[in-house]
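Undergrad: Supplied in structure tokens, the structure appears directly below.
Numbering (the numbering used here), first residue to last: 1 to 299.
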């Protein structure tokens with residue numbers, strides 16, 4: 001993974017300033033204009049039940065799209081569509097500008113190599129050690145063992161679990177299992193990561209640790225992600241804090257200041273297969289929709 005700086009926080013700047021010009025040039029980079037993920041008028045039904053109703057949205061490069069909503073709103077279905085585990089009835093789905101809507105399984109296998117997936121329970125193989133869980137994709141690809149171990153250790157260091165490399169999943173806490181799942185998802189340096197309720201069932205401090213890992217990916221690695229959740233604490237962490245590296249090389253998390261905004265964290269709220277909100281967390285909190293207000297109050 002490469003360190004990316006200057007993409008998380010944007011202050012009010014003079015457009016004539018050299019640094020500002022550099023920032024604007026980056027925005028104009030054609031590669032960054034192409035969305036990492038795009039849904040175009042997507043419909044999906046199971047029998048007589050409509051799950052998604054003309055869904056359209058984009059996840060831009062380096063952006064975290066936080067997808068909120070209650071159970072049955074269609075949040076996790078979106079992830080399954082991106083992975084090609086479900087096919088839409090109508091509409092188009094694009095990954096890195098590539099239309100994957102009608103791809104067959106061999107074609108989707110190629111697309112999935114670009115994507116890291118973090119499941120709700122970590123989805124580890126109970127019979128494999130932490131090392132072999134994280135190394136699984138590389139072993140499947142036939143990567144030589146002398147190349148596998150350094151990569152596995154690098155990923156475990158990223159999630160602060162290198163000391164657990166020889167442990168079995170049964171020896172890990174729930175939060176540690178999720179972190180191993182994140183390390184496994186990051187093998188191969190995917191530029192897109194999908195989080196499906198990664199903090200469900202975790203205590204608040206452990207849930208925050210998972211959110212910090214998502215922030216590190218967003219702010220230091222320029223990873224595009226979708227973060228599906230129904231927990232408001234996750235929204236608070238992801239939209240009000242950012243990761244930076246201090247002068248000693250340590251990753252620290254700072255709160256946005258009055259002159260800063262987290263431009264690469266956006267919120268989308270689902271209800272009954274529709275998008276009922278899309279924008280910043282500040283706009284979400286000001287929304288007058290009764291359902292949104294009730295959701296924000298946790299009722």
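Just so it is clear, CB atoms sit at the ideal spot from N, CA and C, and this is done for glycine as well.
Mapping DSSP to helix, strand and coil, what is residue 254?
TA: Strand.
Undergrad: Measuring alpha carbon to alpha carbon, tell me which residue in 290, 226 and 236 is nearest residue 59.
TA: Minimum Cα distance to residue 59 is reached at 226.
Undergrad: How would you label residue 273, buried or exposed, when you count the other beta carbons within 10 angstroms and need 16 or more for buried?
TA: By the neighbour-count rule (16 or more Cβ atoms within 10 Å), residue 273 is buried.
Undergrad: By how many angstroms is the C-alpha of residue 196 removed from the C-alpha of residue 218?
TA: Each residue's Cα considered, the two are about 16 Å apart.
Undergrad: Buried or exposed for residue 252, going by 16 or more other Cβ atoms inside 10 Å?
TA: So residue 252 counts as exposed.
Undergrad: Could you tell me the boundaries of the beta strand (DSSP E) in which residue 92 lies?
TA: Residues 90 to 95.
Undergrad: At the level of alpha carbons, what is the spacing between residue 62 and residue 280?
TA: If I take the Cα positions, the gap works out to 16 Å.
Undergrad: Work out the CA separation of residue 186 and residue 165 for me, nearest whole Å.
TA: Residue 165 and residue 186: Cα-Cα distance of roughly 16 Å.
Undergrad: Taking its Cβ as the centre, do 16 or more other Cβ atoms sit within 10 Å of residue 88, making it buried, or is it exposed?
TA: With 16 or more Cβ atoms within 10 Å of its Cβ, residue 88 is classed as buried.
Undergrad: Please name the residue or residues paired with residue 314 in a DSSP beta bridge.
TA: Because the chain here runs from 1 to 299, residue 314 falls outside it and cannot be looked at.
Undergrad: What is the DSSP secondary structure of residue 160, counted as helix, strand or coil?
TA: If DSSP states are grouped into helix, strand and coil, residue 160 belongs with coil.
Undergrad: Bridge partners for residue 271 per DSSP, in chain order?
TA: Per DSSP, 274.
Undergrad: Quick check: the segment 129 to 138 against the segment 147 to 156, are at least 3 beta-carbon pairs closer than 8 Å?
TA: Contact between the segment 147 to 156 and the segment 129 to 138 is present, because at least three Cβ pairs lie under 8 Å.
Undergrad: Can you find at least 3 beta carbon pairs, one from the segment 83 to 98 and one from the segment 30 to 40, that sit closer than 8 Å?
TA: Yes: the two stretches touch, three or more of their Cβ pairs being nearer than 8 Å.
Undergrad: Considering residue 166, what are the terminal residues of the alpha helix (DSSP H) in which it resides?
TA: No alpha helix (DSSP H) holds residue 166; DSSP gives it neither H nor E.
Undergrad: Going by DSSP, what residues sit across from residue 244 in a beta bridge?
TA: Answer by DSSP bridge pairing, in chain order: 252.
Undergrad: Is the beta carbon of residue 76 closer than 7 Å to that of residue 228?
TA: It is a contact, given that the beta carbons lie within the stated cut-off.
Undergrad: Is residue 49 buried or exposed, if buried means 16 or more other CB atoms sit within 10 Å of its CB?
TA: Label assigned to residue 49: exposed.
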